[in-house]
Amino acid sequence: MRTIQHLLAAALGASLIVPSPLLAQETDARAQSELQGLWLTTSWPELKIKPGETHSVSLSLRNEKLPPQRASIEISGVPEGWEWALKGGGRDVSAAIVSPDSTERLTLELTPPQDAGTDDAHAIEVRAQTARETITLPLLVSLSQAEEDVTGLSLEPELPALRGTARSTFSFKVKVKNEGAEDGLFNLAASVPNGFQTRFKKGYGSEEITGLPIAAGATETVTMEVVPSRGVAAGRYEAGLEVSGEGMSSTVQLSLEVTGEPQIRIVGPQERLSGEAVAGKEASFTFTLVNTGTAPASDVELNATPPAGWKVEFEPKDIAQIAPNEAREFNVRMTPSEQAIAGDYMVGIRTSNDVVSENVQFRVTVKTSTLWGAAGLGVIAAAALVMGGAVMRYGRR
Amino acid sequence: MRRSGSPFTGVGAIALKEAADHMTSARMHMIMLLVILTALGAVYGSIGRLRDTTAEDAYLFLKLFTVAQDPLPSFAAFLGFLLPLVSIALGFDAINGEFNRRTMSRVLAQPIYRDAMLFGKFLGGLIVLAVSLLTLWLLMVGLGMLFLGLPPSGGDIVRSVAWLVVTLAYAGVWLALAIALSTLIRTPATSALAALSVWLILAVFWGMVAPLVAGVVAPVDPLEPASILNSFEWRQAISRLSPQTLYGEVTGILLDPAARSVGPLFMHQLHGAVIGSPLPTGQSLLIVWPQISALIAAMLALFTAAYVVFQRQEIRA
Amino acid sequence: MSAIVLEAKGLVKRYGEAVAVAGVDMTVHQGEVIGLLGPNGAGKTTTILMLLGLTEASEGEVSVLGKDPLRQPLEVKREVGYLPDAVGFYDTMTGRENLVYTGKLAGLSRKAIDHRIDAALERVRLGDAGRRRVSTYSRGMRQRLGIAELLMRDCKVMILDEPTSGLDPQSTHELLELIQQLASEGITILLSSHQLDVVQAICSRVALFNKGRIGFFGTVDELAQQIGRGAFIVDVEAGGIDLTSLAQKADGVASVAKVSDGVWQVEATRDVRPELAKIVVDAGGSLRNLDLRRARLDEAYNRYFTEVANAA
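Chains as they are written, first to last, in UniProt numbering: chain A, 1 to 397; chain B, 1 to 317; chain C, 1 to 312.
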């Protein structure tokens with residue numbers, strides 16, 4: 001990674017333009033009328049860089065009202081052991097031609113060795129030599145070891161605090177501004193409570209991203225979506241967004257306010273969703289309504305979808321309020337149809353209010369009335385009685 | 001006048017002697033041979049069908065009893081048809097045979113009451129029937145294991161044994177009828193013919209008689225749907241006078257766990273029902289309990305009739 | 001006098017309106033052989049059935065070996081053996097198997113049956129035949145098998161219904177000998193028969209059944225006397241005299257009947273041979289034969305029923 005550290009010298013304005021001596025005379029003469037000539041300039045002629053890293057120094061070659069000028073560029077004064085390169089248009093160059101009234105940009109890459117001493121200032125001279133003249137640009141480069149806490153990034157959340165339920169997705173839009181001089185690719189990282197999930201998107205885009213490039217001075221909008229873990233208790237949660245890259249990083253604290261949400265579950269008698277009943281006879285089952293959510297559920301209605309001819313009643317008919325993690329029992333009284341045949345029937349049980357609803361299928365095994373069994377036994381007993389009577393009356397002959 | 005001593009003294013001896021007699025009699029050998037041959041045929045047919053059609057079934061063995069391969073009826077149907085014949089063969093000369101052999105008075109001169117004779121005869125017949133049925137059942141299960149290659153499940157065994165017990169009661173009805181006729185009629189040939197006539201009527205012709213009678217009692221009006229139902233119910237009620245119908249209904253429910261009713265079913269009864277889910281064995285038994293009760297009660301009633309007639313007879317020969 | 005084994009008082013059996021037995025009184029002592037006589041339908045078999053408790057008496061009291069067959073028929077039947085008329089056996093079983101079966105019904109243990117069965121069969125000379133099927137038996141063998149059953153059961157009283165009917169003379173003779181032996185061993189025997197010579201040969205007393213009653217119960221001699229004739233019968237063959245009137249003079253003579261020319265039959269209450277001889281000789285007749293014999297049962301029986309018929 002390349003880092004350029006700018007040192008804004010106090011006497012910036014004085015050294016901004018370095019005219020050639022020859023030209024200076026002419027300039028003096030026509031100072032008020034026309035500015036004419038070739039300049040080699042840089043924005044920051046004195047700078048501090050870090051050892052072991054490659055730094056780019058932007059150079060500008062300006063031709064003002066002259067015919068196209070060819071200039072060979074020479075670098076001198078680079079200390080022993082430093083690496084350097086002169087780039088133009090992305091390639092290594094050693095000369096440039098500047099059209100009239102235009103500017104060519106060049107980049108001087110300097111890489112001081114890791115073990116370079118820090119205290120000395122090195123005077124590096126860049127010379128542009130044309131047929132007519134030689135233009136000299138002196139640079140003063142010193143090395144700095146100390147990391148400067150310079151924030152080149154600013155994060156500005158659009159809405160720093162959002163509110164929603166445990167099942168909502170919290171979308172934070174954050175404007176990220178690259179205040180540095182260089183374009184960069186920046187990483188996105190989030191710190192959220194355990195179990196929360198996050199993902200990043202760019203602007204209003206739909207692709208998930210992990211990082212994003214921001215041009216120097218540009219601003220991008222990042223959307224951070226936070227999904228709380230299910231069943232998280234209601235309350236305020238902090239989420240941090242950290243953007244880092246190009247030696248810069250910045251964090252912003254966001255907050256989510258998770259409001260509670262009811263969630264209901266129906267538990268059958270003895271935790272089974274099956275029971276037994278006798279045709280035409282009322283059978284009572286105790287169901288349990290459990291609020292596994294984080295907010296109370298109110299006005300829960302109880303409904304059933306029974307088979308034809310069945311009667312299903314609830315007691316109570318509805319449940320006014322059920323707090324989170326609370327269980328409330330309700331009785332379901334079913335009377336299978338008189339004509340129900342033995343075997344299994346399905347009875348749908350539904351609980352609902354405005355917010356939530358829950359459905360279960362309750363399997364009822366209808367048993368044949370033992371009345372007929374008793375009647376059958378009665379018939380057999382009667383036959384046996386008649387036989388006993390016959391034995392009593394005619395027996396022992 | 002109160003007499004001392006148990007009326008059942010000697011029942012065991014008579015029953016065992018009767019059973020032994022039947023087991024060794026050519027008559028029984030012939031008819032059991034017939035039953036076993038038909039059973040083998042039925043099982044062979046059903047095994048063929050089961051291999052072709054059934055892949056997975058919790059009650060595969062029960063199918064062995066009920067699945068039929070044309071033109072043979074199923075094993076259960078065979079039993080319903082042939083068991084009466086076995087019972088009649090066992091009972092048609094129970095009492096009049098003793099008179100004809102002039103053994104009755106000699107046996108009754110032993111220190112036993114007359115009651116023991118009839119009870120012993122009936123029990124002896126039931127023992128033979130029970131042994132035969134058990135043998136047949138074991139034969140079926142053995143063949144099933146041999147050809148299907150898997151053992152019967154616990155449910156199979158419970159249901160088929162319950163069915164076996166009802167089958168014994170069904171055979172008992174016919175045995176009681178045959179014994180009753182043998183007390184009423186002095187000539188064994190006549191009592192055998194009488195018993196066979198009853199069998200023919202109830203087993204073969206009853207299926208034709210019931211709709212006829214129902215048509216007379218409750219005529220069907222094509223414009224009145226209720227009359228169709230009414231007529232059907234009459235028909236069912238009349239056909240249930242035959243023990244064969246009752247036994248068929250018991251077989252249908254006990255050997256088919258998914259069967260839930262013997263009567264007509266309406267759509268509203270099936271609404272919400274889980275079709276094809278097997279019933280517990282106890283529930284199946286409860287459904288046909290009226291039929292089972294009727295069979296047992298009929299057996300007791302016929303036996304009581306025979307008993308009263310016999311006890312009132314003069315033993316002079 | 002030996003112990004009373006059987007006593008009946010006023011036995012009555014009615015079938016609806018019909019009266020089968022109209023009042024029977026009878027006392028039998030141990031070791032007696034009693035002949036039950038009478039036409040068919042006179043009530044013999046019904047009485048036997050009542051004695052055994054096989055049928056309930058309408059009235060009256062019975063005691064067999066001190067027990068009431070009407071109340072304790074099982075106890076009575078355990079001691080009293082009954083061999084019905086034309087007894088039947090299970091043809092498909094052997095003689096032994098038949099006896100084992102009735103032995104079980106009699107409540108004998110298997111051990112006791114095994115123990116007694118051979119002796120019983122030997123005694124009736126069926127030792128070998130016992131292992132054959134009854135279907136191969138002759139009529140006499142069946143009767144003997146019936147006796148063997150009673151022997152096996154060790155019955156103290158035996159009631160035999162027509163035991164000799166259908167038997168050849170040899171078999172009859174053997175059976176009678178056996179019965180006499182049993183009686184001498186202290187077994188009381190009641191037998192019914194239409195063969196009066198058989199009855200006379202072995203019975204100590206006879207009971208004449210007539211229309212549901214016992215018209216007479218006693219020895220044959222007593223029967224002869226009771227019907228107005230003597231128990232002593234003298235056949236006289238003489239010439240030259242008419243004994244018909246002369247014999248009446250002798251003391252004890254009940255009747256004189258001319259059988260043929262010169263042959264008379266004199267019935268008397270005692271042995272009147274000396275008196276008859278004297279009368280013949282005194283009258284100048286020639287005495288060719290003078291034979292005393294006891295009254296014959298068949299004669300007494302026939303006369304009895306003729307008189308009964310006449311009286312009615």
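Every residue, glycine too, gets a C-beta built ideally from N, C-alpha and C.
Quick one: is Tyr137 of chain C near chain B, going by C-beta distance under 8 Å? no
Indicate the three-state DSSP secondary structure (helix, strand or coil) for Asp271 of chain C in the structure shown. coil
Taking Cβ positions only, does Val332 of chain A come closer than 8 Å to chain B? no
Which runs of the alpha helix (DSSP H) spanning at least 4 residues fall entirely within the stretch 242-267 of chain A, listed in chain order? none
Rounded to the nearest angstrom, what separates residue 323 of chain C and Ala254 of chain C at their Cα positions? Shown here, chain C extends from 1 to 312; a query on residue 323 of chain C therefore has no answer.
So which residues on chain B does Lys104 of chain C lean against when the C-beta distance must stay under 7 Å? Ala13
Can you round the beta-carbon distance between Leu167 of chain C and Arg139 of chain C to whole angstroms, since I take them to be within the 8 Å contact cut? 6 Å
Ordered list of beta strand (DSSP E) runs contained in the stretch 41-90 of chain C, each at least 3 residues: 59-64, 80-83
Mind pulling the chain B residues with CB within less than 9 Å of Leu54 of chain C? Ser105, Leu108, Ala109, Arg114, Ile315
On the DSSP letters alone, give me the boundaries of the beta strand (DSSP E) that Ser286 of chain C sits inside. 286-294
Got a sec: is the Cβ-Cβ distance from Lys121 of chain B to anything in chain C below 8 Å? no
Measure the CB-CB distance between Gly248 of chain B and Gly142 of chain B and report whether it falls below 8 Å. no
Secondary structure of Met26 of chain C, DSSP reduced to three states: strand
Of all the CB atoms in chain C, is at least one closer than 8 Å to the CB of Gly10 of chain B? yes
Among A:Gln197, A:Gln253, A:Thr210, A:Pro324, the one whose alpha carbon lies nearest that of Leu185 of chain A: A:Thr210
Reduced DSSP category for Leu140 of chain A - H, G, I as helix; E, B as strand; rest coil: strand
Using the three-state DSSP reduction, which class does Gly235 of chain A fall into: helix, strand or coil? strand
Along the alpha helix (DSSP H) that carries Lys63 of chain B, what are the first and last residues, could you check? 60-66
Whose C-alpha, out of C:Thr92, C:Glu222, C:Val272, is nearest the C-alpha of Asp291 of chain C? C:Val272
Candidates A:Leu143, A:Ile73, A:Gly235: which alpha carbon is nearest His55 of chain A's? A:Leu143
Using a beta-carbon distance below 8 Å, is Ile349 of chain A in contact with chain B? no
Does the separation of the CB atoms of Ala169 of chain B and Ile296 of chain B fall below 8 Å? yes
N- and C-terminal bounds of the alpha helix (DSSP H) containing Gln195 of chain C: That residue, Gln195 of chain C, is in no alpha helix (DSSP H); it is neither H nor E in DSSP.
Tell me where the alpha helix (DSSP H) around Met299 of chain B begins and ends. 289-312
Spatial neighbours of Arg132 of chain C in its chain, beta-carbon cut-off 8 Å, leaving aside the 5 residues before and after: Thr94, Gly95
Thinking Asp298 of chain C and Leu176 of chain C are a contact (beta carbons under 8 Å), I'd like their distance in whole angstroms, please. That pair is no contact at about 16 Å.
Apart from the five residues just before and just after Gln129 of chain A, which ones in its own chain have a Cβ nearer than 6 Å to its Cβ? Ser72
Taking DSSP's pairing of strands, which residues face Asp344 of chain A in a bridge? A:Thr365
To the nearest angstrom, report how far apart Val62 of chain C and Asp85 of chain C are at their CA atoms. 22 Å
Under three-state DSSP, which class holds Asp156 of chain B? helix
Return the residues of the UniProt domain "Alpha-galactosidase NEW3" (278-350) of chain A that lie within a Cβ-Cβ distance of less than 8 Å from chain B, sorted by chain order. Pro306, Pro307, Ala308, Gly309, Trp310, Ser337, Gln339, Ala340, Ile341, Ala342, Gly343, Asp344, Tyr345, Met346, Val347
For a test of the three-state rule: what should DSSP assign to Asn194 of chain A, helix, strand or coil? coil
So is Met387 of chain A in contact with chain B if we call contact Cβ pairs under 8 Å? yes
Cβ contact check for the stretch 84-98 of chain B and the stretch 22-36 of chain B: 3 or more pairs under 8 Å: yes
Can you confirm whether Thr370 of chain A, when its beta carbon is compared against all beta carbons of chain B, has any partner nearer than 8 Å? yes
Does Asn353 of chain A come out as helix, strand or coil in the three-state DSSP assignment? coil
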